[in-house]
Amino acid sequence: MKQLRPYPQVIVTRKAARSLKAGHPWVFEGEVLRMEPAPTDGRQATNGDVVDVFEENGTWQGAGLLSEKSKIRVRIVSRNANDRFDEAFWARKLQWAWDYRKATMGNRALPGCEPDTNCCRVIFSEADGFPGLIVDRYEDVLVAQVGTVGMERLRPTLYPLLLDTLRADGQSIRGIYERGDSPARQKEGLDQHKGWWDGGETIPDSARVMVRENGIVFDLDLENSQKTGFFLDQKYNRRAVRQLASSRRVLDCFCHVGPFGLNAAAGGAKSVRCVDVSQTAIDLARENARLNGLGNLMSFTCANVLEYLPELAKDRARLREEGGPFDLIVLDPPAFTKSRSTIDHAAHGYRQINYDALRLLPRGGYLATCSCSHFMTRDRLAAAIAEAAHDANVQLKQIEERQQAPDHPILWGVPETHYLDFFIFQVV
């Protein structure tokens, strides 16, 4: 088999082979022993090419995409020796990804609301077998992030196939907006850019789009918002908060454009205070409240949550001004760590914000809290929350333990795909 396959070869260490056999799709720079040309025609690999990965003893481990400038040198895309990497191969994988979203989210919409697949992640990188590619759907617009040279080279193939897949299923898609401004592209030697993909498609006039999630309207700026425009991974966690919010005074910390707060208000909250350090986010959250007719229930504060919570604990008059005392507090912070080296510092940060929130909650109050960094594992987060509860002299009754929505699938054997952990507690 080794001599018959038409792809250049990457020979890797036993350590790399063990990791690949366990299901992880990455080969790191230091795990490459040597590279060999394709046995059929002597072709040398170029950046972004499909390559075969072999252990030194000759065992084939899979085929992947080469990234010459990245520490992750090869990303596996197939472990089936019969696969050929033509349009049919990629079309099958795209169809599988869309079928998965329909199966896991197609029948979960709230009564009277839009289908949950109208706003969802369609492609989640390694978890769907497209390493370095993220595609989110916002109603009739797709937003794509390409972070690897292999996916960059495949864009002219993948985008039309993806549009064909969705349109064949009756989905109306008017364009693909590219957010090629992620730092990951620099590690691959790729340029930074934003804009509509013009591969034969009519280019929409604006990167603003009105979307519905859980029946709530959001005005999104796809060009200037964080990530691809919205945080779709919390869709069902927001519903869980909505179910608890009735008649309660809610504090939504790190509110971004207001999705947790809006869900709480839609769930019958007595009042909702949204807090974020970004004035732009606060302005968008306020506008989203207006669009949904919830402005009378919601108020907004531009502040650093890390300073804001301790201030409320010290100043009861300020707490009352802000709408407290609160019965339900939501903590949805940005990732406190993006590397393993800073995990201890991050754990301290999670402990501190949970401690500060717990000091503000009465007995019987509710805390919804999470982490969105895969370096902050579930157990490490749980330990930080437990320490916070101990320091605040309260006990926590766990209501739910949740993760990212299923359109962001967790691939076992690939811990990087499990990045969001979400807990809901009652203080007892």
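Everything in the sequence shown is counted per my numbering, starting at 2 for the first residue and increasing by one.
Beta carbons are placed, not taken as given, at the ideal position from N, Cα and C, and that holds for glycine.
Q: Ignoring anything shorter than 4 residues or poking outside the stretch 117-171, list the alpha helix (DSSP H) runs there in chain order.
A: 150-169
Q: Tell me whether V13 is buried or exposed, calling it buried when 16 or more other Cβ atoms sit within 10 Å of its Cβ.
A: With a threshold of 16 other beta carbon atoms within 10 Å, V13 meets it and is buried.
Q.
For R209, list the residues DSSP reports as bridge partners.
A. D222
Q | chain C contact for L361 (CB, 8 angstroms cutoff) | A | The structure shown contains no chain C, having only a single protein chain.
(Q) If you reduce the DSSP assignment to three classes, tell me which class I283 lands in. (A) Judged by DSSP in its simplified three-state form, I283 adopts helix.
Q.
Taking 8 angstroms as the threshold (C-beta atoms), are K339 and S374 in contact?
A. yes
(Q) If I measure Cβ to Cβ from N305 and keep anything under 8 angstroms in the same chain, skipping five residues before and after, which residues do I get? (A) V278
Q.
Rounded to the nearest angstrom, what separates S126 and L66 at their Cα positions?
A. 13 angstroms
Q.
Suppose contacts are defined by Cβ-Cβ distances below 8 angstroms. Is A64 in contact with Y8 by that definition?
A. yes
Q: Identify whether I411 lies in helix, strand or coil by the three-state DSSP scheme.
A: coil
Q) Ordered along the chain, which non-local residues of its own chain (more than five positions away) have a Cβ less than 7 angstroms from that of I400? A) I425, F426 and Q427
Q.
So the candidates are V51, A104, R243 and L362; which of them puts its Cα closest to the Cα of S79?
A. It is V51 whose Cα lies nearest to the Cα of S79.
**Q.** Q244: CB within 7 angstroms of a non-hydrogen atom of the ligand ATP
**A.** No copy of the ligand ATP occurs in the structure displayed, which carries no ligand at all.
Q) L143 and D408: beta carbons closer than 8 angstroms? A) no
**Q.** Continuous alpha helix (DSSP H) stretch holding I386: start and end
**A.** R379 to D392
Q) Sorted by chain position, which residues of the same chain lie with C-beta nearer than 8 angstroms to D392's C-beta, five sequence neighbours on each side aside? A) R352 and Y356
**Q.** CB-CB length for L368 against L359, believed under 8 angstroms
**A.** So it is a contact: roughly 7 angstroms between Cβ atoms.
Q) Helix or strand or just coil, what does DSSP make of R79? A) The sequence given here has Ser at residue 79, not Arg. Strand.
Q) Between D1 and the rest of its own chain, which residues show a CB-CB distance below 6 angstroms, the 5 nearest in sequence each way excluded? A) This structure gives no information on residue 1, because the portion of the chain shown stretches from 2 to 429.
Q: For H257, count neighbouring Cβ atoms within 10 angstroms of its own Cβ and tell me buried if that reaches 16, exposed if not.
A: When all chains shown are included, H257 counts as buried.
Q. Given P311, which residues of its chain have a CB within under 6 angstroms of its CB, disregarding the five upstream and five downstream residues?
A. D357
Q: State the DSSP-derived secondary structure class of I1, mapped to helix, strand or coil.
A: Outside the modelled stretch of the chain, which goes from 2 to 429, sits residue 1, for which no answer is possible.
**Q.** Q96 (DSSP reduced to helix, strand or coil)
**A.** helix
(Q) Is it the case that the stretch 149-159 contacts the stretch 252-271, given that we only count it when at least three CB pairs across the two stretches are under 8 angstroms? (A) no
Q | Alpha-carbon to alpha-carbon, L295 and Q280 | A | 19 angstroms
Q.
Suppose you measure from the CA of N48 to the CA of C114; what does that come to, to the nearest Å?
A. 46 angstroms
Q) How would you label T166, buried or exposed, when you count the other beta carbons within 10 angstroms and need 16 or more for buried? A) buried
Q. Using CA coordinates, which residue listed in R317, L298, Q146 and R85 is at the minimum distance from A185?
A. Q146
Q. Which residues does DSSP pair with A369 in a beta bridge?
A. V331 and I425
Q. Helix, strand or coil: how does DSSP classify Q4 here?
A. Confidence in Q4 is poor, its pLDDT being 49 and thus under 50, which makes the residue's placement unreliable; the coordinate value appears in the next sentence. Coil at Q4, not helix or strand.
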